[in-house]
Each structure stands twice: as structure tokens, then as C-alpha cells.
Amino acid sequence: MSVLYGRANAIPSSSRMLITCRNSDGRIGHKDQKRTYYRSSNTRTSSNMQSSSTVNNISPYYQPQFTRGYRDFLRVHAAGGGSARIPLRNGKNGVFGVATSRGSRAKQEDTYSVACLQIDPLELRQSLQTSRSRVIQEAGKRWDPAFAGTGGGGEAEEDEIAGQVVWFGCFDGHGGPQISTFLKEELHQAFEEVEPNMVTDTARSTRKLGGYFRRFTGGLMERWVRQDYLPQIRPSRPGQAHHRPKSEAEGGGKEADGAPLSTEEMERRAREIKTQQKQAQEEMQSDSPTGVIEVERIDPPEEVSKECLTIAERATLAWLHMDRRIQSSKVLNIGGSTASVALLHSLDQPATPWYSSQLLSVTSVHIGDTRMLLCPVADGHAIPLTNYHHPDDRSEAERLRKLGAGLVTDSFGEARWMGALANTRAFGDSKFKKAGVTSEPEVITQVLKGDDFSFIIAFSDGVGGVVSDQEVVDLCRDARHPHDAAQAVLRYAEALGSDDNATVLCIPLRGWGKTQGEDSTAEQRRFKLSKVDIFRDHRQ
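Residue numbers are given in the UniProt record's numbering: position 190 of the sequence shown equals residue 190, and the series is strictly consecutive.
As C-alpha cells, then:
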């Protein structure tokens, strides 16, 4: 069974997606954005059940559990029983803060998104219990979804509260706003909607990109992949072995005789990659500008059919799936975009809003060079939640090492992969996929005591390019409201001469307004501001 993913033109709302399904009789049917999801149960079913499941576009491995649908409010327990809604909006009366600026650029390519998602509570619990961290494992054992949702509401409402995950995303587009805008509107929904039976087809599509991905087996999703469905690995040239020569595999940036690659050779390789990618892209392009793709539903291996996706697996699947949709559209597939997402889930019993949670699960899902920081109450020293995915980063350089010389330093001293890209992980940038530019995210989960941390702050490189991590945190420490904190960071970046698109997203935690320690960058900020005319002499 195949399912077409995309947005129907008949739906007026730009944020509403229609899932177009091919039924067994060939007719086209539709499902609204609120979809019933399924948890794994039986490993084998009768032929009658399989036939019924196919007609209803339901894998026989999954049984109805609850209805999902992202929204712009957070449901909480009310003091007198029942529940109440907290709107997810920014501003002085909101629950988070946002500041944006186009700078001197012609277009605003930065975007952000905030939403409340519904994830199966059992999936959230399994993600915690299967973590490599003992602290997170213990938190998963103690957290009981049955108690997390209790508070006087009905059974469905209690499950809904227990499975709430608040999404904060920051996206920095390059080469145009198309992809970052698409991610703002669709990525959170894709994260909520992906299912295990989409993994194998997604891995197969990724492997067909070739080059860096020619041996792709699923990454973090590998246990869900039916390996027999993947294309066989073929030599890149006739008579070549299935593995790279040792001299090439271990001598990144050198020819077989150990000599460094010349600039002409690197440019030639870049042109070859562009030509090959363009040819592959023309075959993948559809006539739809909204990224409609056909996904073949393939049931996962039997040994995992009773399990749930972890948050890391779900994120990887959603990121690769969305990148595939981007590559399928001639309108969307222009330039690229970074993505930094914070997923906040209360582990209190009963559950409380993230900003008042005593125990909070924080998952960062990240590609590119947008930045997320965590501020502790004790000393206010910035704690990075993301890494820069630049070609000169040690882990990224190691990942790309076997591809040979692709790292070039431009006239400004900035490292560029294949002489063109500042980021080695991004959505889009299809011409460079074979060269290792991946949309596989870096996923990190932590369990925090809410009283020990003041806030999380995310920002694009329009801020990070001129403001240090510690300066960002220090600028927020005395702010009365997250909105004021975001504005203070943006104003400082602009005062230093930043002319790039800039976005700042400030997310308060239980320790908001209680940051201790000293403002260690106050003198540094004053000095930088006093010399600002030197740094921005290009302005009149």
C-alpha cells in the first residue's frame, strides 16, 4: 500500500494538511489533519484482517489508540476540576518570547514555530526507559502516564494531557525562504504523523541518493528497516570493489599516492556531483509545488512489531521524510534551511505546564548552525544544547572524511564544504546530498529539575554570528518577561552591526527570574559597543 503525502489545494488554511490515500480499488480518499494513530500489537494477522486494513489504509500491525492533532494551546488541569487551555502565544501576555528582524536583507528567511503535539504516552515512556543515561531511565520508570493525566477530566482528556509535547522550532533558511517557511508550517505535523511502516521506504529513498548515502541502512531507525527492501550496493565504477580503497578511506583530502588534491580537482569533483545530482533530481521532481510524495507502507521487521518508535527515531524519520518532500518539489527545492527544535514534556504527576514543571524532559533535535542554550539558576553559565554542524567541526569532519577533500576556506576565513556550504547538515541543498549534506538530526534528551534552570533560548546565526553564547544568556538574566529577554538579545546584535536575518526565541522554565551568579560579560559588551563604528564601517 502507498500513501501520498502533501497538501490539497482545496483546503484554504495554509497550515492544514490533507493525507491523500490510494484505496485498494484505486479510488482516492482523504483524511483530515487529525488522524487516528496505532500502536503495535499482533505480529501476524489473518488474510481477512489484512484486506480490511488495506482498504482503511491501516497497517495490520497497528491497532487504534487515540486521535492526534497539533494545536496552538496547552491543556492543563484546572484547580476546581476539569481542565483549562493556555494559548501558546508570544508577547508581553504570552508564555514565551520571540523577537525577529529582517536586517538589511531583501527577504526574511528565518522562521519559527510553536505548537502542542500529541504523542502516545507509552511511546514517551519507552523513549525514556531505553535511554543510555541511567538518570533518564530512572525518570522513565517513575513516570506513569496513568497518574500524569489524572486531574478530574474524562479518560480521553487524561490521556491527552499525559501525551502533550510542546514544540519550539527555529529555522534559518538560505537561498530563499521557501524551505524554512515550509518547515514552519509542516515539520511539527510530520513529526506527529510519521509511523513505523514508513521507515523502510524512507531509508530506501535516502539510499537511492547515492554517494555518501549509498550504504545507508537507516541510521537511528535501523532496527525498523527491512534490509531486504533496500537497493543493493553497487560499485561506483566497473570493476571497483564494494568498498573504498584503504588509501582513499583513510587519506581524506588526498589522492591515492598521498598528494593533496588540487583546487582544480576539487572543482571538477564538485561539478560532477552537481551534474549527477541534477540528473537524479529531474527524475524525482513532481509537478506539484507542495511536495506531494508517494510513500509505500512496509510493515517493520517482526521482532520490533510490538514496540514503539522512540523520540529520536521519530525525529529522524520525520526529518528525512520532510527532506524527501522538499526534493520532490521544484518550487520548494530552492536553497536550504537549518532546524533547531526543543521538545518539552512534563514528567510531573499530574502533568503541569513546562514552565512550572518540577521535572521536565527536554529533547533537542538539531541540524545546522541555529543555536539553543540552557541557563542554569546556580551560576548562569550558558550550556549549549546544540552543536554547530560546520565542516571544520571535529565530529562533522570525521563523518565526511572518507569523501575526500571538500573543505575549502574562503577569503573571509570561513570553512565551506565543497567550496559552497557553511553547514554540513541541512534540509534541501539537494545538489550536495551525495557529498554528505544530510538532514539526519542530532537528537539529545535530558531530564531537568525545573527549579535548577531559568530558561532555554534559541537563535539564528544572525545573532550567533556577532554575540557569544554567554552574552546571550547574560542579556536575559534580569529580564522581567521572556519577550523582553528576546528583544534585548536582538537589539544588542543589531547594535553590533548584524545585518543578517535574526530570530530569538526565549522559553521560560520554572527557575525563571532566579538566575544567580554575576553578569560576567557586562564589561565585554560595553567594550564591544564602544568600538561598534570600527566593526561596521560599511555603514554610513
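No residue lacks a Cβ here, since even glycine has one placed at the ideal position from N, Cα and C. Owing to the predicted nature of the structure, the values given are computational and were not obtained by experimental measurement.
Item: CB contact below 8 Å: residue 346 versus chain C; Value: Considering every chain present, this structure includes no chain C. It has just one protein chain.
Item: Inter-residue CB distance, residue 383 and residue 455 (contact presumed, cutoff 8 Å); Value: That pair is no contact at about 11 Å.
Item: Extent of the continuous alpha helix (DSSP H) to which residue 464 belongs; Value: 461-464
Item: Residue interval of the alpha helix (DSSP H) (run including residue 474); Value: 469-476
Item: Cβ-based burial, residue 179 [other Cβ within 10 Å; buried from 16]; Value: buried
Item: C-alpha distance - residue 147 paired with residue 494, whole-angstrom precision; Value: 47 Å
Item: Proximity winner among 209, 96, 223, relative to residue 233 (alpha-carbon distances); Value: 209
Item: Spatial distance of residue 311 from residue 105 (CA atoms); Value: 36 Å
Item: Neighbour-count burial assignment, residue 217, 16 or more Cβ in a 10 Å radius; Value: exposed
Item: Same chain, Cβ closer than 6 Å to residue 211, neighbours up to 5 away in sequence not counted; Value: 434
Item: Sub-8 Å separation of residue 453 and residue 353 beta-carbons; Value: no
Item: Validate contact between the region 473-493 and the region 434-451 using beta carbons, cut 8 Å, 3 pairs; Value: no
Item: Buried or exposed by the 16-neighbour rule on C-beta atoms within 10 Å, applied to residue 227; Value: exposed
Item: Under the three-state DSSP convention, the category residue 532 falls into; Value: helix
Item: Where residue 305 falls, given that 16 or more other Cβ within 10 Å makes a residue buried; Value: buried
Item: Contact the region 338-355 vs the region 168-178: 3+ CB pairs below 8 Å; Value: yes
Item: Between the CA atoms of residue 224 and residue 511 - distance to the nearest angstrom; Value: 39 Å
Item: Reference residue 322; option with closest CA among 191, 499, 200; Value: 191
Item: Same chain only: Cβ atoms within 8 Å of residue 73, ignoring 5 sequence neighbours per side; Value: 85, 86, 87, 88, 116
Item: For residue 184 and residue 112, believed in contact at Cβ under 8 Å, the rounded distance; Value: 7 Å
Item: Close beta carbons around residue 207, own chain, < 7 Å, minus the five adjacent residues each side; Value: 213, 214, 216, 230, 231
Item: Three-state secondary structure (DSSP) of residue 384; Value: strand
Item: Inter-residue spacing [alpha-carbon to alpha-carbon] between residue 529 and residue 496; Value: 6 Å
Item: Helix, strand or coil at residue 444 according to DSSP, with G and I counted as helix; Value: strand
Item: Alpha carbon of residue 90 to alpha carbon of residue 483, nearest angstrom; Value: 7 Å
Item: Residues sharing a beta bridge with residue 504, DSSP; Value: 99, 459
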